[in-house]
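Trainee: Residues 342 to 539 in this note's numbering are what the sequence shown spells out, letter by letter.
For glycine and all other residues, C-beta sits at the position ideal for the given N, C-alpha and C.
In this text, all values refer to a predicted model and were calculated from it rather than measured experimentally.
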Amino acid sequence: MHFPVSIRDSEELATVSFRMHERLDAALALAPSLGPYAARLRSTYDALPALADVPIQRVHGDLHLGQTLRTVRGWKIVDFEGEPARALSERRQLDSPWRDIAGMLRSFDYVPRAVERSVGEGDPDGAEFRASRAREWAVRNQEAFLSAYAGRELTETETILLAAYSADKAVYETVYETRNRPTWVSIPLEALATIGAA
């Protein structure tokens, strides 16, 4: 079965940017720790309307490593419901595949940092070493995933889309961690310190 592919114009991208700004505004009220990153996030979102003719298609919408399974025949996606907090009609809307790519890249960042925190509770002496290894694992796997997906250097448009969707995801994560696991909020905040910084 093939899903439809369409094109998102600059006016539609302005709407995407506007919604990201709205989510950031709401997030700032719930997670004041986002404040130092707000200007750079807004600048990252503001780059979207300058793009034109961005391909969109059906996407997962909540893709991360927890939705996958590694088998002897390769990686499989085992969950197709998308973001459960969204209405089904919203989940079926076309979007950029860079939303899912950003979700996976954020997941590759989260996994080793979650392990680092879980293992490290009883061993504070190895904290620096674990943090270094976590960063190394995350970068290596992010680069491998992105290389396998794109098969080449990213275009300027792809880089802008990836930065905006990654920032949007990290803002969501910051709110989630602020509400549920405040000691983990540094995971998305560390990512926000680098997203859009280039």
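Hey, how far is the Cα of H405 from the Cα of S448?
Mentor: For the purposes of this step, residue 405 is taken as the residue at position 64 of the sequence shown. For the purposes of this step, residue 448 is taken as the residue at position 107 of the sequence shown. Distance between the alpha carbons of H405 and S448: 5 angstroms.
Trainee: Measure from the alpha carbon of A393 to the alpha carbon of each residue in V413, A455, E499, then state which is nearest.
Mentor: Taking the first residue of the sequence shown as position 1, residue 393 is located at position 52. Nearest C-alpha to A393: E499.
Trainee: If I measure Cβ to Cβ from L410 and keep anything under 6 angstroms in the same chain, skipping five residues before and after, which residues do I get?
Mentor: By 1-based counting over the sequence shown, the position of residue 410 is 69. If we look at L410 and ignore the five residues flanking it on each side, its Cβ neighbours are K417, V419.
Trainee: How many angstroms separate the CA atom of A489 from the CA atom of Y378?
Mentor: Taking the sequence shown and counting its residues from 1, the one referred to as residue 489 is at position 148. Taking the sequence shown and counting its residues from 1, the one referred to as residue 378 is at position 37. C-alpha separation (whole angstroms): 30 angstroms.
Trainee: Short of 8 angstroms in beta carbon distance, which residues of its chain neighbour Q408, apart from the five on each side in sequence? Order them along the chain.
Mentor: Sequence index remark: in the sequence shown, residue 408 carries index 67 (1-based). Closer than 8 angstroms at Cβ, skipping near neighbours: H401, I418, V419, D420.
Trainee: The alpha helix (DSSP H) spanning S473 covers which residue range?
Mentor: For the purposes of this step, residue 473 is taken as the residue at position 132 of the sequence shown. Run containing S473: 468–491, per the alpha helix (DSSP H) assignment.
Trainee: Got a sec? Which residues, its chain only, sit under 8 angstroms from L487 by beta carbon, not counting five neighbours each side?
Mentor: Taking the first residue of the sequence shown as 1, we reach residue 487 at position 146. Excluding residues within five positions, the ones whose Cβ falls inside 8 angstroms are I442, L446, L495.
Trainee: Alpha carbon to alpha carbon, how far is V395 from E497? Give it in angstroms, no decimals.
Mentor: Here residue 497 refers to the residue found at position 156 when the sequence shown is read from its first residue. Here residue 395 refers to the residue found at position 54 when the sequence shown is read from its first residue. Distance between the alpha carbons of E497 and V395 is about 12 angstroms.
Trainee: L382 and L365 look like a contact to me (Cβ under 8 angstroms); what is the Cβ gap, rounded to whole Å?
Mentor: In the sequence shown, residue 382 corresponds to position 41, counting from 1. In the sequence shown, residue 365 corresponds to position 24, counting from 1. Between L365 and L382 the Cβ distance is about 6 angstroms, and since that is below 8 angstroms, they are a contact.
Trainee: According to DSSP, is R427 part of a helix, a strand, or is it coil?
Mentor: Within the sequence shown, the letter at position 86 stands for residue 427. Residue state, collapsed to three classes: coil.
Trainee: If you follow the beta strand (DSSP E) that V512 is in, where does it begin and where does it stop?
Mentor: Position 171 of the sequence shown, counted from the first residue, corresponds to residue 512. First-last for V512: 497–521, but that is the alpha helix (DSSP H), not the beta strand (DSSP E).
Trainee: I think I397 touches L435, with their Cβ atoms under 8 angstroms apart; what is that distance to the nearest whole Å?
Mentor: Along the sequence shown, read from residue 1 onward, the residue named residue 397 stands at position 56. Along the sequence shown, read from residue 1 onward, the residue named residue 435 stands at position 94. I397 to L435, Cβ: 4 angstroms. Contact.
Trainee: Where does D420 sit, in a helix, a strand or coil, going by DSSP?
Mentor: Taking the first residue of the sequence shown as position 1, residue 420 is located at position 79. Correct three-state label for D420: coil.
Trainee: Identify whether M342 lies in helix, strand or coil by the three-state DSSP scheme.
Mentor: As a working note, residue 342 is residue 1 in the sequence shown. With a pLDDT of only 49 at M342, under the threshold of 50, the placement of this residue in the model should not be trusted; the figure read from the coordinates follows. It is coil, neither helix nor strand.
Trainee: Throw me the rounded Cβ distance for the A370 and D450 pair, which I believe falls under 8 angstroms.
Mentor: For the purposes of this step, residue 370 is taken as residue 29 along the sequence shown, with counting starting at 1. For the purposes of this step, residue 450 is taken as residue 109 along the sequence shown, with counting starting at 1. The pair is not a contact, with the Cβ atoms about 25 angstroms apart (cut-off 8 angstroms).
Trainee: Leaving aside the five residues before and after Y506 along the sequence, list all residues of the same chain whose C-beta is less than 6 angstroms from its C-beta, in chain order.
Mentor: Working through the sequence shown from its first residue, we reach residue 506 at position 165. These residues qualify, in order along the chain: W439, R440, A443.
Trainee: Using the beta-carbon count (16 or more within 10 Å), is A508 buried or exposed?
Mentor: For the purposes of this step, residue 508 is taken as residue 167 along the sequence shown, with counting starting at 1. A508 is buried by the Cβ-count criterion.
Trainee: Would you tell me roughly how many angstroms separate the C-alpha atoms of A455 and A534, rounded to the nearest one?
Mentor: Walking along the sequence shown from the start, residue 455 turns up at place 114. Walking along the sequence shown from the start, residue 534 turns up at place 193. A455 and A534: Cα-Cα distance of roughly 18 angstroms.
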